[in-house]
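Visitor: Chains as they are written, first to last, in this note's numbering: chain A, 3 to 262; chain B, 3 to 262. Heads up, the beta-carbon is just placed ideally off N, CA and C, and yes, glycines get one too. Nothing here was measured: the structure is a model prediction, and the numbers come from that model.
Protein chains: 2
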Amino acid sequence: MTLEEELERFPLTGRFLFGRLRETLSLEERAAIEALPEEIATFENSVRVVEAGTVSDRSTLLIEGFMMRGLDHMDRPGEQRSALSLHVPGDFVDLHCFALKRLDHNVDTVGPARLAFVPHTKLQDVLATMPHLGRLLWSSTLLDAAMHRQWIMKLEQLTTPRRIAHIFAEIWRRLDMVGLAGPDGFDTPLTQADLADMSGSTAVHANRALRELREKGVAEFRRGRVIASDRAALEDYADFSADYLYGEGQLAIEAKHYAI
Amino acid sequence: MTLEEELERFPLTGRFLFGRLRETLSLEERAAIEALPEEIATFENSVRVVEAGTVSDRSTLLIEGFMMRGLDHMDRPGEQRSALSLHVPGDFVDLHCFALKRLDHNVDTVGPARLAFVPHTKLQDVLATMPHLGRLLWSSTLLDAAMHRQWIMKLEQLTTPRRIAHIFAEIWRRLDMVGLAGPDGFDTPLTQADLADMSGSTAVHANRALRELREKGVAEFRRGRVIASDRAALEDYADFSADYLYGEGQLAIEAKHYAI
DNA sequence: CGCATCCTTGAGGGCCATCAAAATGCGTGG
DNA sequence: CCACGCATTTTGATGGCCCTCAAGGATGCG
Chain A
3 MTLEEELERF PLTGRFLFGR LRETLSLEER AAIEALPEEI ATFENSVRVV
53 EAGTVSDRST LLIEGFMMRG LDHMDRPGEQ RSALSLHVPG DFVDLHCFAL
103 KRLDHNVDTV GPARLAFVPH TKLQDVLATM PHLGRLLWSS TLLDAAMHRQ
153 WIMKLEQLTT PRRIAHIFAE IWRRLDMVGL AGPDGFDTPL TQADLADMSG
203 STAVHANRAL RELREKGVAE FRRGRVIASD RAALEDYADF SADYLYGEGQ
253 LAIEAKHYAI
Chain B
3 MTLEEELERF PLTGRFLFGR LRETLSLEER AAIEALPEEI ATFENSVRVV
53 EAGTVSDRST LLIEGFMMRG LDHMDRPGEQ RSALSLHVPG DFVDLHCFAL
103 KRLDHNVDTV GPARLAFVPH TKLQDVLATM PHLGRLLWSS TLLDAAMHRQ
153 WIMKLEQLTT PRRIAHIFAE IWRRLDMVGL AGPDGFDTPL TQADLADMSG
203 STAVHANRAL RELREKGVAE FRRGRVIASD RAALEDYADF SADYLYGEGQ
253 LAIEAKHYAI
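#1: First and last residue of the alpha helix (DSSP H) that includes A148 (chain B)?
#2: Report the neighbours of S263 (chain B) on chain A: residues whose CB is nearer than 8 Å to its CB, in chain order.
#3: With DSSP as the reference, identify every bridge partner of D229 (chain B), one or two as the case may be.
#4: Could you tell me if the beta carbon of M155 (chain A) falls within a distance shorter than 6 Å of some heavy atom in the ligand HEM?
#5: Where in the segment 88-112 of chain A do unbroken runs of the alpha helix (DSSP H), each at least 4 residues long, occur, reported from the N-terminal end onward?
#6: Less than 7 Å between the beta carbons of L138 (chain A) and L23 (chain A), yes or no?
#7: With distance defined between alpha-carbon atoms, name the residue in B:T15, B:E40 and B:R213 nearest to F119 (chain B).
#8: Report yes or no: do three or more beta-carbon pairs, one from the segment 27-44 of chain B and one from the segment 171-189 of chain A, lie closer than 8 Å?
#9: Answer with yes or no whether the minimum CB distance from W174 (chain A) to chain B is below 7 Å.
#10: Consider the Cβ of H98 (chain A): report whether some Cβ of chain B lies at a distance smaller than 7 Å.
#11: Shortest alpha-carbon distance to E36 (chain B) belongs to which of B:V52, B:L97, B:L63 and B:F12?
#12: Alpha carbon to alpha carbon, how far is L9 (chain A) from H89 (chain A)?
#13: On the premise that V95 (chain B) lies in contact with F170 (chain B), defined as a C-beta separation below 8 Å, what is that separation, rounded to the nearest angstrom?
#14: With a CB to CB cut of under 6 Å and the five nearest residues on each side skipped, what residues in its chain are close to T15 (chain B)?
#15: Drop a sphere of 10 angstroms on the beta-carbon of E217 (chain B), count the other beta-carbons inside from all chains shown, and report buried for 16 or more, exposed for fewer.
#16: Does DSSP classify T44 (chain A) as helix, strand or coil?
#17: Based on the DSSP output, what are the partners of A118 (chain A) in its beta bridges?
#18: So with Cβ pairs under 7 Å, would you call R224 (chain B) a contact of chain A?
#19: Since R164 (chain B) is in the alpha helix (DSSP H), which residue starts that stretch and which ends it?
#20: Looking only at C-alpha atoms, which of A:Q126, A:D110 and A:S201 sits nearest to T161 (chain A)?
#21: For Y246 (chain A), which residues in the same chain have their Cβ closer than 8 Å to its Cβ, ignoring the five residues on either side in sequence?
#22: In terms of DSSP beta bridges, what is D74 (chain A) paired with?
#23: Against chain A, which members of the segment 123-151 of chain B pass a CB distance test of less than 8 Å?
#24: DSSP three-state call for V272 (chain B): helix, strand or coil?
#25: In chain B, which residues lie less than 7 Å from Y248 (chain A) when you measure between Cβ atoms?
#26: Which two residues bound the contiguous beta strand (DSSP E) that contains R50 (chain A)?
#27: Please say whether V220 (chain A) and L236 (chain A) have beta carbons closer to each other than 7 Å?
#28: Answer yes or no: does any C-beta atom of chain B fall closer than 7 Å to that of G2 (chain A)?
#29: Using the Cα positions of V180 (chain B) and F68 (chain A), report the straight-line distance between them to the nearest angstrom.
#30: Compute the Euclidean distance between the alpha carbons of P91 (chain A) and F223 (chain B), then round it to the nearest angstrom.
#31: Closer than 8 Å is the cut-off here; do at least three beta carbon pairs connect the segment 122-139 of chain B with the segment 43-50 of chain B?
#32: What distance in whole Å lies between the Cβ atoms of W140 (chain B) and G130 (chain A), which are believed to be in contact at a cut-off of 8 Å?
#33: What separation, rounded to the nearest whole angstrom, lies between the Cα atoms of S142 (chain A) and A230 (chain B)?
#34: From the DSSP output, in three-state form, read off M69 (chain B) for me.
#35: What residues of chain B sit near H168 (chain A), judged by a beta carbon separation below 9 Å?
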């Protein structure tokens with residue numbers, strides 16, 4: 003099914019796992035997912051949707067826009083924050099809190115966003131009646147963990163310009179999977195300060211790193227728009243390999259194993 | 003049940019989730035876990051147990067010793083590696099590969115270790131018949147993700163001495179939970195080069211960072227033995243808070259939610 | 001006792017943080 | 001349409017953390 007058809011039939015959740023494991027879901031299962039949200043809401047830029055430490059009985063699915071998971075720095079709340087992951091439409095942002103209940107980080111919007119809230123009671127019903135779907139939900143939280151690991155590697159190994167290039171490469175691939183990227187770039191609501199948070203750097207240095215990317219011809223960043231005419235060069239510069247996103251290439255392998 | 007009793011009845015898997023969510027497991031469920039391993043094996047220091055990229059049909063439970071998940075740096079294989087997580091006895095090291103099948107990183111021993119291999123077919127049987135246990139297995143993979151997030155924060159926010167102090171503080175707490183720590187420190191097979199890999203630094207700089215920890219009275223590290231007389235000072239210095247480990251303090255909350 | 005591994009120390013240089021200030025773009029309201 | 005305020009971006013200067021290369025010292029094992 004194409005993305006357009008998918009979104010026609012499942013306008014809220016059609017992007018969930020699209021380009022990855024969605025193909026292994028039956029239509030009944032996709033319908034069950036579409037029926038999960040109890041409430042749809044729209045938020046403005048930089049709104050804290052869930053606060054770290056709170057016990058929650060619902061999870062957030064991102065329909066439209068971007069979100070970030072992070073933590074305020076303990077010394078100066080609100081000033082310097084630690085970015086843990088960025089989320090694009092189709093992501094079940096804090097599904098893991100269904101199993102852990104208490105969230106260990108904040109969940110904020112980056113730019114305006116439309117969200118679907120899924121009560122955990124409904125998830126529990128789905129798990130009881132649709133075990134295969136339950137396993138796929140599990141997998142989707144593990145994709146998050148795989149991205150975490152790549153971020154760790156990125157922070158341990160790369161300089162700031164390469165870290166930012168890696169961020170660009172990852173977001174681009176992920177937007178691609180849900181049909182929201184262009185042929186030579188993509189749009190985000192990110193600021194240079196956001197990039198600094200994600201790369202463990204400062205806004206000033208992120209600015210200089212972006213200049214280097216521009217001068218090297220790797221990528222351009224202007225007010226949230228990322229343009230890179232040579233995608234291979236960008237991914238090469240960032241030591242980026244899309245394997246950890248478990249995208250289309252791996253689907254053949256996965257689908258076989260998921261045929262319970 | 004005390005840890006001693008637990009290990010008496012479940013010598014292989016008695017430490018799995020001990021001090022965290024194990025209390026929510028029935029005796030039948032614990033017995034089911036104990037019956038999972040198909041093979042027990044002992045390995046020497048620095049043995050690669052699973053190679054990145056391979057499709058695996060079994061997962062590894064760490065019974066005794068330490069393991070590390072990581073990636074070799076692309077340019078110089080075997081030389082500079084990126085450490086992603088360290089594992090202690092009781093950890094279901096690569097359980098996530100049950101759901102994702104393909105591993106995105108290597109799994110190596112650090113020092114000698116005793117491992118239990120669990121075939122995925124057995125896990126599948128357990129999931130089919132014991133849904134509650136299945137959810138707990140899910141949770142255990144999410145604890146890994148929570149630790150990943152804390153590592154990301156650690157790398158983004160802290161200097162190398164504080165990163166190493168954070169590593170010490172985390173390992174100490176985790177060894178505590180499975181009864182393997184002392185009152186003023188703990189033993190590991192880690193070298194200074196390992197600490198460097200874990201903190202995204204170099205062996206030389208890790209050495210200087212350890213000297214600073216020693217001079218500041220935060221912690222001592224001598225041939226794998228970590229000694230810190232003032233644990234609060236160590237955790238304070240490292241900006242460490244054990245919440246993300248979802249240990250005993252949170253059990254009351256969790257247990258309630260897990261009473262399906 | 002010899003060897004391998006690990007630890008330690010020095011010197012030089014590069015990446016990045018910090019402080020400070022100015023320029024640019026953008027929405028609001030006059 | 002212009003003025004204004006505000007967030008964001010840009011640039012400079014200084015200093016600190018950390019990398020790299022190099023060499024020597026300690027420890028443990030056969």
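Guide: The structure says:
#1: Counted as a single uninterrupted DSSP element, the alpha helix (DSSP H) harbouring A148 (chain B) occupies residues P133 to Q159.
#2: Not covered by the structure: residue 263 (chain B). The range shown for chain B is 3 to 262.
#3: The sequence given here has Ile at residue 229 (chain B), not Asp. Note: I229 (chain B) is bridge-paired with B:G187 and B:E222 in the DSSP secondary-structure output.
#4: In terms of ligand content, the structure shown is empty, and the ligand HEM therefore cannot be addressed.
#5: The DSSP assignment places 98-102 as complete runs of the alpha helix (DSSP H) inside the segment 88-112 of chain A, in order along the chain (cut-off: 4 residues).
#6: A contact, by the Cβ cut-off of 7 Å.
#7: Of the candidates B:T15, B:E40 and B:R213, B:E40 places its Cα closest to the Cα of F119 (chain B).
#8: With a cut-off of 8 Å, the segment 171-189 of chain A and the segment 27-44 of chain B do not count as touching, because too few Cβ pairs lie within range.
#9: Chain B contact via Cβ: absent.
#10: It does: the Cβ of H98 (chain A) has a partner Cβ on chain B nearer than 7 Å.
#11: The option with the nearest alpha carbon to E36 (chain B) is B:F12.
#12: Near 19 Å, if we compare the C-alpha coordinates of H89 (chain A) and L9 (chain A).
#13: Contact between F170 (chain B) and V95 (chain B) is ruled out by a C-beta separation of about 21 Å, above the 8 Å threshold.
#14: Result list for T15 (chain B): I35 and E36, in chain order.
#15: Classification of E217 (chain B): exposed, given that the 10 Å Cβ count is below 16.
#16: Note: T44 (chain A) maps to strand in three-state DSSP.
#17: Answer is A:I42 and A:L63.
#18: At a cut-off of 7 Å between beta-carbon atoms, R224 (chain B) makes no contact with chain A.
#19: It spans T162 to M179 - the alpha helix (DSSP H) in which R164 (chain B) sits, taken as one unbroken run.
#20: Per the Cα distances, A:S201.
#21: So the list reads A148, M149, R151 and Q152, once near-sequence residues are dropped.
#22: Answer is A:R83, bridged to D74 (chain A).
#23: Cβ contacts with chain A come from Q126, L129, A130, P133, G136, R137, W140, S141, T143, L144, L145, D146, A147, A148, H150 and R151.
#24: Within the shown structure, residues of chain B are numbered from 3 to 262, placing residue 272 (chain B) beyond reach of any answer.
#25: Under the 7 Å cutoff, chain B gives L102.
#26: Its beta strand (DSSP E) spans residues R50 to V52.
#27: Yes, the pair counts as a contact, with Cβ atoms nearer than the cut-off.
#28: This structure cannot speak to residue 2 (chain A), because chain A is shown only from 3 to 262.
#29: Roughly 40 Å separates the two Cα atoms.
#30: Answer to the nearest angstrom: the Cα atoms are 46 Å apart.
#31: Counting Cβ pairs under 8 Å, fewer than three are found: no touch.
#32: Sequence inspection shows Ala at residue 130 (chain A); the Gly mentioned does not correspond to that position. Contact check for A130 (chain A) and W140 (chain B): beta-carbon distance about 14 Å, past the 8 Å limit, so the pair fails to qualify.
#33: So the two alpha carbons sit approximately 40 Å from each other.
#34: Three-state result, M69 (chain B): strand.
#35: Neighbours of H168 (chain A) on chain B: none; closest Cβ ~13 Å, over 9 Å.
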